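So the protein sequences, as listed, match chains U and E. Numbering of the first sequence is given in our numbering, commencing with residue 1 and proceeding in unit increments. Numbering of the second sequence is given in our numbering, commencing with residue 1001 and proceeding in unit increments. A short worksheet on the structure shown next.
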Amino acid sequence: MNRTQATQESIDNFATLLSAPGRSPEIPESADVYGWLVGSWALEVLHYAAVDVSGQHIRGEAHFGWVLEGRAMQDVWIMPRYSDRRAGLAKTNDMYGSTLRVWDAAIQAWRMRWINPVSGHREDQIGRRSGRTSYKWASAPTVR
Amino acid sequence: MLFGQFVGDWSFDSVEYWDNGSRPTQKGEIQFRWVLEGTAVQDVWVETERSDSELKMYGTTIRFYDAKAKSWRIIWVEPGRGAVAKLKAERVGDEIVILGQAADGSPMRWTYSEIKPNSFHWRGEKFVGNDWRAYEDLRAHRKQ
């Protein structure tokens, strides 16, 4: 088997190069906090930017997948949903952003970077499992 | 656009400069694409060959232009080496200079230079003592 040849075939497509079929064996199952999210989700937006928007019936979508040989996850969050987007949307409830999550064995937690270029919003977060059903996170100051 | 010019598929040859004097060489691929409705440029950097037995690089960069800060915001993750870096880019003459922190916390600088439609030169430096020291030098050529 010619490894270079196999690699050549597999990188014809950006999504193929970026994505991975599953979690890397280097990440223990006990650390797999986010793997259940893999796939596509329809969102009903109730609160956004600390505002109750439940009366506005805003729809969105989110897509999660393993990337980079299964050592990281990337998602895309879209609001309003892809099929409803058009030029001139109000920027207030507008999101087309992405998170990268990397398992860091040294701190036994996930390092996360979120960007939403629509608004210039960025977040740095640390994620780890907390109890059975909830997830603890903390926000760190951003670099200026 | 500072990074839109790189969109496409590239192959590269690189050399690393280790503190112990070794000079491992690498070959690999870079793919740049517009993502998130064209507000950001994401790439995947993959080493397909190394002259030593170190883990081959497999990382991604996402960058978007922050109009408020008049600056490109950059996230680079290379999970295999624990890199989750946040950087800023600016044009300096004919070069693109990117500043951030390496995984060990030391200042890191990446420079794109000799930028032509089908080739560019890239070097990575760390600030050691009181001077910049190259740790990697790379030449990329656009795939035809």
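The beta-carbon is built from N, C-alpha and C at its ideal position, and this holds for glycine as well. It should be emphasised that the depicted structure is a prediction, and the values quoted were computed from it without experimental measurement.
Run through DSSP, which three-state label would residue 1079 (chain E) get?
In the displayed model, residue 1079 (chain E) falls within a helix according to three-state DSSP.
So, does the CB of residue 29 (chain U) fall closer than 7 Å to a CB anywhere in chain E?
no
So if DSSP puts residue 38 (chain U) in a beta bridge, which residue, or which two residues, is it bridged to?
Beta-bridge pairing links residue 38 (chain U) to no other residue.
Closer than 8 Å between beta carbons: that is the criterion. Which residues of the region 82-103 of chain U meet it against chain E?
Those would be 85, 96, 97, 98, 100, 102, 103, in chain order.
Listing by chain order, which chain E residues have their CB less than 7 Å from the CB of residue 72 (chain U)?
1077, 1079
Can you find a CB in chain E that lies within less than 7 Å of the CB of residue 69 (chain U)?
yes
For a contact meaning CB atoms closer than 9 Å, what does residue 1067 (chain E) contact in chain B?
Of the protein chains in this structure, namely U and E, none is chain B.
For residue 14 (chain U), report the span of its alpha helix (DSSP H) as first-last.
First-last of the alpha helix (DSSP H) with residue 14 (chain U): 14-18.
Taking the alpha carbon of residue 65 (chain U) as the reference point, which residue from U:22, U:124, U:127 has its own alpha carbon closest?
U:22
Could you list which residues in chain U have their beta carbon closer than 9 Å to that of residue 1044 (chain E), in chain order?
11, 14, 17, 18, 67, 68
For residue 1021 (chain E), count neighbouring Cβ atoms within 10 angstroms of its own Cβ and tell me buried if that reaches 16, exposed if not.
Exposed is the call here.
Between residue 80 (chain U) and chain E, is there a C-beta pair that is closer than 7 Å?
no
Counterpart residues of residue 43 (chain U) in DSSP-defined beta bridges:
In the DSSP output, where bridge partners are listed per residue, residue 43 (chain U) has U:60.
Of all the options E:1078, E:1063, E:1079, E:1052, which has the alpha carbon lying nearest to the alpha carbon of residue 1072 (chain E)?
E:1063
CA-CA distance, residue 1075 (chain E) and residue 52 (chain U)?
31 Å
Span of the beta strand (DSSP E) holding residue 1128 (chain E)?
Note, residue 1128 (chain E): beta strand (DSSP E), 1119-1128.
Members of the region 1114-1136 of chain E that neighbour chain U once the beta carbon cut-off is set at 9 Å
Taken residue by residue, none of the region 1114-1136 of chain E has a beta-carbon sitting less than 9 Å from a beta-carbon on chain U.
Do you know how far the Cα of residue 1134 (chain E) is from the Cα of residue 1102 (chain E)?
Each residue's Cα considered, the two are about 13 Å apart.
Nearest to residue 73 (chain U) by alpha carbon, out of U:27, U:130, U:120?
U:27
Enumerate, from N- to C-terminal direction, the unbroken beta strand (DSSP E) stretches of 3 or more residues contained entirely within the region 61-129 of chain U.
72-79, 95-104, 109-116
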